[in-house]
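S.K.:
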Amino acid sequence: MKIAQVSPLYESVPPKAYGGTERVVSYLTEELVRQGHDVTLFAAGDSVTSARLVAPCARSLRLDESCLDKYPYHVLMLEYLFREIESFDIVHFHIDYLHFPLCSRQRVPHLTTLHGRLDIPDLHPLFKEFRDVPVVSISNAQRAPLPWVNWQGTVYHGLPQDLYRFRQGPGKYLAFLGRIHPEKRVDRAIEIAQRVGIPLRIAAKVDAAEKEYFHEVIEPLLKNPLVEFIGEIGEADKQDFLGNAMALLFLIDWPEPFGLAMIEALACGTPVIAYGHGSVPEVIQDGVTGFIVHDQQEAESAIGRVPALRRADCRRAFEERFSVSRMTEDYVAIYRKLLERNAPQNTPALIA
51 MKIAQVSPLY
61 ESVPPKAYGG
71 TERVVSYLTE
81 ELVRQGHDVT
91 LFAAGDSVTS
101 ARLVAPCARS
111 LRLDESCLDK
121 YPYHVLMLEY
131 LFREIESFDI
141 VHFHIDYLHF
151 PLCSRQRVPH
161 LTTLHGRLDI
171 PDLHPLFKEF
181 RDVPVVSISN
191 AQRAPLPWVN
201 WQGTVYHGLP
211 QDLYRFRQGP
221 GKYLAFLGRI
231 HPEKRVDRAI
241 EIAQRVGIPL
251 RIAAKVDAAE
261 KEYFHEVIEP
271 LLKNPLVEFI
281 GEIGEADKQD
291 FLGNAMALLF
301 LIDWPEPFGL
311 AMIEALACGT
321 PVIAYGHGSV
331 PEVIQDGVTG
341 FIVHDQQEAE
351 SAIGRVPALR
361 RADCRRAFEE
371 RFSVSRMTED
381 YVAIYRKLLE
391 RNAPQNTPAL
401 IA
């Protein structure tokens, strides 16, 4: 198949440090190329890929301090794409809904993975207008606010199996990985570490929009000697950070669409203690790969039960459910379904 992958431009593909959507796009793109597909990646110019790269900007927009408005580059990317869209068998979008009006006016099969939260009321009129656009969810829970749109399936994220190594040892500290935001609740993680007397290491990105929250709410909590704030880390640093942890704390306060940090921890053999919001019950098997809790008292109790979990079970769950090969197979099956549906009558679709 000739496939176009259309990525957000905020981070490179893959990201240099923190990044979710662009990392998934990278893993999917590289696996599709490995499988023999002809892939074009529309992404920032500092992306690294074995696919053909089309870049509307020289570097990822978050790292470009001279970039004051990020939207013109996304519009430019759509212009580049639609100039050659007839040359693709299918186009896979990862940029929310920016392309919906254009896609509804052309015939090339397309698919959109929705990577964000969908419980925002402002989205309802838009998705009602474009309810025929084929979309994919990254968890079943993500669909709940919009059950009536044109869902083609749920495809859980996947990582390369050799990206992280399994670590048998029990670990000596608790870990928090992600970004500083009120809904991520790093304050809960700090509170739990203080209660149980176990060190907590925090690897987190601080966006410009959250600097005030970080300085006013979180920074004072970092004075505790049990707490170490590392800052933003990239993929290369996560092996040791997660592999050496006794558990990942994922004490969120929002309907998490997926949560890559959870499967990164599982890949290292590290169990996850998480509040049961959003995708969490779909990713974590309670009592096997971690514990799903509902309050701070349950979280504290769960930490005491971590030694009873088998780290090998965490790694096994990752290999069976969250590999990049499984993710890619799921997407290719949906591509083929869309191609067959869009093929002219009595003409076989190109599905190789």
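Quick note: to get the working numbering, add 50 to the position in the sequence shown (first position is 1). C-beta atoms are modelled at their ideal positions from N, C-alpha and C, and glycine is treated no differently.
(1) Expressed to the nearest angstrom, what Euclidean distance is found between the alpha-carbon atoms of Ile401 and Asp88?
(2) At what residue ranges does the stretch 69-138 contain a whole run of the beta strand (DSSP E), taking only runs of 3 or more?
(3) What's the gap between the Cα of Glu241 and the Cα of Ser189?
(4) For Val141, list the residues DSSP reports as bridge partners.
(5) What separation, rounded to the nearest whole angstrom, lies between the Cα atoms of Ile252 and Arg355?
(6) What does a CB cutoff of less than 7 Å around Ile268 pick up in its chain, not counting 5 residues either side in sequence?
(7) Have a look at Thr320, Leu111 and Gln156 and flag the residue whose alpha-carbon is nearest the alpha-carbon of Asn392.
(8) Do Val158 and Ile135 come within 7 Å of each other at the CB atom, strictly closer than that value?
(9) Rounded to whole angstroms, what's the CA-CA distance from Val277 to Pro58? Just pull it up for me.
(10) How would you call Ala101, buried or exposed, if buried means at least 16 neighbouring beta carbons within 10 angstroms?
(11) Three-state secondary structure (DSSP) at Gly21?
(12) Going by C-alpha distance, which of Ala258, Arg215, Gly247 and Val374 is nearest Thr320?
(13) Run through DSSP, which three-state label would Ser189 get?
(14) Suppose contacts are defined by Cβ-Cβ distances below 7 Å. Is Glu61 in contact with Ser110 by that definition?
(15) In angstroms, rounded to a whole number, what distance separates the CA positions of Ala258 and Pro232?
(16) Under the rule that 16 or more other beta-carbon atoms within 10 Å means buried, what is Ala362, buried or exposed?
(17) Going by beta carbon distance, what residues of the same chain come within less than 8 Å of Lys120, once the five residues before and after it are set aside?
(18) Am I right that His160 and Val74 are in contact with their C-beta atoms under 8 Å? What's the rounded C-beta distance?
(19) Give me, in chain order, the residues of the same chain whose beta-carbon lies closer than 6 Å to that of Pro195; leave out the 5 immediate sequence neighbours on both sides.
(20) For Asp290, which option in Pro331, Gly219 and Ala352 has the closest C-alpha, if you only look at C-alpha atoms?
(21) Taking the CB atoms as reference points, tell me whether Gln55 and His142 lie closer together than 7 Å.
(22) Using a 10 Å radius around the Cβ and a threshold of 16 neighbouring Cβ atoms, would you call Arg181 buried or exposed?
(23) For a quick check, are the C-beta atoms of Ala418 and Ile353 less than 7 Å apart?
(24) Report yes if the C-beta distance between Thr162 and Val185 is below 7 Å; otherwise report no.
(25) Tell me the rounded alpha-carbon separation between Trp201 and Leu388.
(26) Within its chain, find whatever has a CB closer than 8 Å to the CB of Ile53; leave out the 5 residues flanking it on each side and keep chain order.
M.R.: In short:
(1) Sequence index remark: in the sequence shown, residue 401 carries index 351 (1-based). Sequence index remark: in the sequence shown, residue 88 carries index 38 (1-based). Residue confidence for Ile401 is low, a pLDDT of 49 falling below 50, so the modelled location carries little weight; the figure read from the coordinates is stated next. Approximately 12 Å between the Cα atoms of the pair.
(2) As far as the stretch 69-138 is concerned, its whole beta strand (DSSP E) runs of at least 3 residues are 88-92 and 102-104.
(3) Your numbering for residue 241 matches position 191 in the sequence shown. Your numbering for residue 189 matches position 139 in the sequence shown. Straight-line spacing of the CA atoms in Glu241 and Ser189 works out to 29 Å.
(4) By 1-based counting over the sequence shown, the position of residue 141 is 91. Ala54 and His160, per the DSSP bridge assignment.
(5) Taking the sequence shown and counting its residues from 1, the one referred to as residue 252 is at position 202. Taking the sequence shown and counting its residues from 1, the one referred to as residue 355 is at position 305. Ile252 and Arg355: Cα-Cα distance of roughly 22 Å.
(6) Here the question's residue 268 lines up with position 218 in the sequence shown. Short of 7 Å from the beta carbon of Ile268, and not among the five residues preceding or following it, lie these beta carbons of its own chain, in chain order: Ile230, Val236 and Asp237.
(7) Residue mapping note: residue 392 aligns to position 342 of the sequence shown, counting from 1. Ranking the options by Cα distance to Asn392, first place goes to Gln156.
(8) Within the sequence shown, residue 135 is the residue found at index 85, counting from 1. Within the sequence shown, residue 158 is the residue found at index 108, counting from 1. It is a contact, given that the beta carbons lie within the stated cut-off.
(9) Translated into the one-based positions of the sequence shown, residue 277 becomes position 227. Translated into the one-based positions of the sequence shown, residue 58 becomes position 8. Near 34 Å, if we compare the C-alpha coordinates of Pro58 and Val277.
(10) On the sequence shown, position 51 is the one that residue 101 refers to. Buried, since its Cβ has 16 or more Cβ neighbours within 10 Å.
(11) Any property of residue 21 remains undetermined from this structure, which presents the chain solely from 51 to 402.
(12) Looking up residue 320 in the sequence shown gives position 270. Ranking Ala258, Arg215, Gly247 and Val374 by Cα distance to Thr320 puts Arg215 first.
(13) Residue 189 sits at position 139 when you count from the first residue of the sequence shown. Coil.
(14) Residue numbering aside, residue 61 sits at position 11 when the sequence shown is read from its first letter. Residue numbering aside, residue 110 sits at position 60 when the sequence shown is read from its first letter. By the CB criterion at 7 Å, Glu61 and Ser110 fall inside the cutoff.
(15) Your numbering for residue 258 matches position 208 in the sequence shown. Your numbering for residue 232 matches position 182 in the sequence shown. Taking the Cα positions, Ala258 is about 14 Å away from Pro232.
(16) Translated into positions along the sequence shown, residue 362 becomes position 312. Exposed: under 16 other Cβ atoms inside 10 Å.
(17) In the sequence shown, the residue the question calls residue 120 occupies position 70. Excluding residues within five positions, the ones whose Cβ falls inside 8 Å are Leu59, Tyr60 and Leu111.
(18) The count along the sequence shown starts at 1 and reaches residue 160 at position 110. The count along the sequence shown starts at 1 and reaches residue 74 at position 24. In this structure His160 does not touch Val74 by the C-beta definition: roughly 18 Å separates them, more than the 8 Å allowed.
(19) The residue you call residue 195 lines up with position 145 of the sequence shown. If we look at Pro195 and ignore the five residues flanking it on each side, its Cβ neighbours are Leu168 and Asp169.
(20) To locate residue 290, count along the sequence shown from 1; it is residue 240. The residue with the shortest Cα to Cα distance from Asp290 is Gly219.
(21) Taking the sequence shown and counting its residues from 1, one reaches residue 55 at position 5. Taking the sequence shown and counting its residues from 1, one reaches residue 142 at position 92. Contact: yes.
(22) Numbered from 1 along the sequence shown, position 131 holds the residue referred to as residue 181. Classification of Arg181: exposed, given that the 10 Å Cβ count is below 16.
(23) Any property of residue 418 remains undetermined from this structure, which presents the chain solely from 51 to 402.
(24) The residue labelled residue 162 in the question sits at position 112 within the sequence shown. The residue labelled residue 185 in the question sits at position 135 within the sequence shown. Against a cut-off of 7 Å, the Cβ pair of Val185 and Thr162 comes out as a contact.
(25) If you number the sequence shown from 1, residue 201 lands on position 151. If you number the sequence shown from 1, residue 388 lands on position 338. Per the coordinates, the alpha-carbon of Trp201 lies some 12 Å from the alpha-carbon of Leu388.
(26) Within the sequence shown, the letter at position 3 stands for residue 53. Excluding sequence positions up to five before and after Ile53, its CB lies within less than 8 Å of the CB of Leu82, His87, Asp88, Val89, Thr90, Phe138, Asp139, Ile140, Val141, His142 and Tyr385, all in the same chain and listed in chain order.
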